[in-house]
Structures are given as C-alpha cells and as structure tokens.
Amino acid sequence: MGFCVSKLLGTESQDSGSPGGMIGFSKTYQHPRPIDDDYDFPLDGKDIASVSDKELLFAFATAPRLYEYGYVTVSRVSKDLVIKSGPGVAETTKFALETLQLPVPRVHRAFIVDVPDTGKVFGTPSEDIHLIVMDYIKGSTVEKAWRSFDIAAKENVAQQVADVVNKMQSTVLNHMRIGPIGRAHDETCQGPWFAGYGTGPFDTLKELEDWCNHKVDVGIMVKQLLPETPRFEFKDTVLTHQDLAMRNLVVNEDMKVWVINWGCAGVYPKSSNKPRCSFRRRIMSMLIWCWRGSLIDTI
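Each residue of the sequence shown is one higher than the one before, starting from 45 at the first, in the working numbering.
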C-alpha cells in the first residue's frame, strides 16, 4: 500500500521524537501541529461517508499525531475529525454517548484493515489494525488548564466529572458481558486492575471475582497483604472508564468537560466505596491530587 505499519504506530519521527514504549500509564506524546487549526489536514473539506477505508488509512498514517500512548495513536485528519487506532473502543464509546448520554466524542466509522508489517513492530507478515473515526474535541486537557482555573472553575469541572461518574455508577448493566463492550470472544480486559498484557476474558462476574480473590490469596501468601484482608464480593456491573485522569478530560471554551480515551473502559463491578464527603468534593480532591502527582483513578 506504499507505507508500512511502523509509520502507523509512530516509530518514524514527525519533526521530534516520541517516547514509544509499551502500554502503560506514562507520559503521553503530542506534536504541536495537530492543535493548529490553520494546518492543512488531509481530509479537510471531504465527506467522511464517501472516503474509502484505504484513504482513511493513508490519512491516519500521514496526518500529524494528536496523541501517542504505547501502541495507541490518534491522528487529526481534518479540522473536525480524528482517527484512533486500537480495538474495543468504538462500541464502548458509542454506548457511553448513545445510551448514557455522556459527553464523549461521536464515532462516525469503525473498521479493520490488514496492512503489511516490516517486522519491526509485530514480527508478522501482516497485522489487523482497528481504526475509529470520531469527532475532534477542541479545547485543552484539564491537566494543562488546571493551574489557570480559579476556584469556581475548578468546582465546575469537578461537578461535571462527578456527574459523569454518578451516571456510570447508577446505571446497572448486569445483562451485559464483562469487559469491553462489543468485545471479541477472546478479547482480554485492559486497565490498571489487570496485567499489562491484559487478563481474561471473563464470561461471568463470578469468574472475575474468583480471579480477584486469587490475587488476594497470593498477596497474603507473599505477605504483601494482611491475613484479614477482605475478599471481593461483586454484585452489580456498570460502565467503568478505568483511566479517568486529567489528561483524559478536555474542557472547551464554554467550560464543558469531555471525557476521552475509553481504551480501558468496559463493563466491570460497581464500586462499593461510600465516601463520607460529598461526591463533588471527592472528585475535586481527586483532580487536585491527580494534577500534583499524575494520579490514575480507576472509576
């Protein structure tokens, strides 16, 4: 097709280096060009419905990268659209928007393409690449803007995040499969609860509960946990983001907060924590802690 998968995954520089590395919760990479609205993006002025998968793949490979994190890349392909790589994101993002009415980017297309591989990344002749076309959210991450907010703005942001979490925690999804929404039968669960290479899949909530309790048993055995550590007893499942960090919250010029990067999200056990303070104050404290120390929250 004229280009290799190493370009798709950002192993070639765009005027500056990128950190590379495996999936994890480290500092992300962003090139300055994607946030410049005067830049000529490859799909500017085009009707996305009439663009072929091949054209979308080429645009993804050649457009400036908005975000790069492990093997996940987001390229800004027009003034209003981005293309993101990575499986298990499209259906979860659509569910968050269409069913829960959460402030998330709208998904326009999701498709899989088979592209040649040089062997530098995957070591195989070809690789299926999952791509998602969705809205570009104009604004700044809360991580970058937090210092400039006054106390009223910070409380406004905290309330919006609390509303999002409350909506997710109050919508019981016991009828849905554990893990990413719309996942393949053998697709694993990702996120800070699980190993870096993924865990599962789990067909039932009991399987996930047993896996978590096994980890408790191992922790007790190696003396990393006290013998009286309580065991997990899961009851209900809800939509869980798992990476609700400040870098994944975008605030626009109207001070509306958007939640992005649903790559670790899915249907998981509802939190049993009962905070003594108001939930808004809890979120406010979480955001301050996150800004100071790059906290990764698992809600």
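Don't be surprised by glycine CBs; every beta carbon is placed ideally from N, CA and C. This one's a predicted model, so the numbers in the text were calculated from it and none came from an experiment.
Span of the beta strand (DSSP E), counted from its first residue to its last, around residue i
i       : result
Lys-128 : 125-129
Leu-110 : 109-113
Arg-120 : 116-120
Whole-number beta carbon distance between residue j and residue i, since they are thought to touch under 8 Å
i       : j       : result
Trp-306 : Thr-137 : 5 Å
Val-151 : Met-178 : 5 Å
Phe-278 : Pro-224 : Not confirmed; about 18 Å, so no contact.
Leu-146 : Val-303 : 6 Å
Leu-283 : Ala-93  : With a Cβ gap of about 28 Å, Leu-283 and Ala-93 do not count as contacting.
Val-118 : Val-126 : 5 Å
Arg-275 : Val-260 : 6 Å
Lys-211 : Leu-144 : 6 Å
Glu-135 : Gly-242 : That belief does not hold up - the Cβ atoms of Glu-135 and Gly-242 are roughly 17 Å apart, past 8 Å.
Phe-155 : Ser-122 : Actually they are not in contact, since the Cβ atoms of Phe-155 and Ser-122 sit about 17 Å apart, beyond 8 Å.
Pro-236 : Gln-286 : 6 Å
Leu-101 : Val-95  : 10 Å between Cβ atoms; not a contact.
Gly-244 : Thr-232 : 5 Å
Residue i, DSSP secondary structure in three states
i       : result
Leu-283 : strand
Thr-106 : helix
Arg-221 : coil
Glu-135 : helix
Glu-99  : helix
Ala-93  : helix
Arg-227 : coil
Ile-67  : Bear in mind that the predicted position of Ile-67 carries a pLDDT of just 34, short of 50, making it unreliable; the figure below should be weighed with that in mind. Ile-67: coil per DSSP, three-state reduction.
Q. Taking only runs of the beta strand (DSSP E) that begin and end inside the segment 137-210, which ones reach a length of at least 3 residues, in chain order?
A. 151-160 and 170-179
Exercise for review: At 3 residues or longer, and completely inside the segment 234-322: list those beta strand (DSSP E) runs for me, N to C.
Suggested key: 281-284, 293-295, 301-303 and 310-313
Is it the case that the segment 194-201 contacts the segment 214-234, given that we only count it when at least three CB pairs across the two stretches are under 8 Å?
Using a Cβ-Cβ distance cut-off of 8 Å, the segment 214-234 and the segment 194-201 are not in contact, since fewer than three pairs of beta carbons, one from each stretch, lie closer than that value.
Indicate whether the contact test is met: 3 or more Cβ pairs, each with one atom in the segment 172-186 and one in the segment 126-134, closer than 8 Å. yes
Quick check: the segment 186-200 against the segment 280-298, are there 3 or more CB pairs under 8 Å? yes
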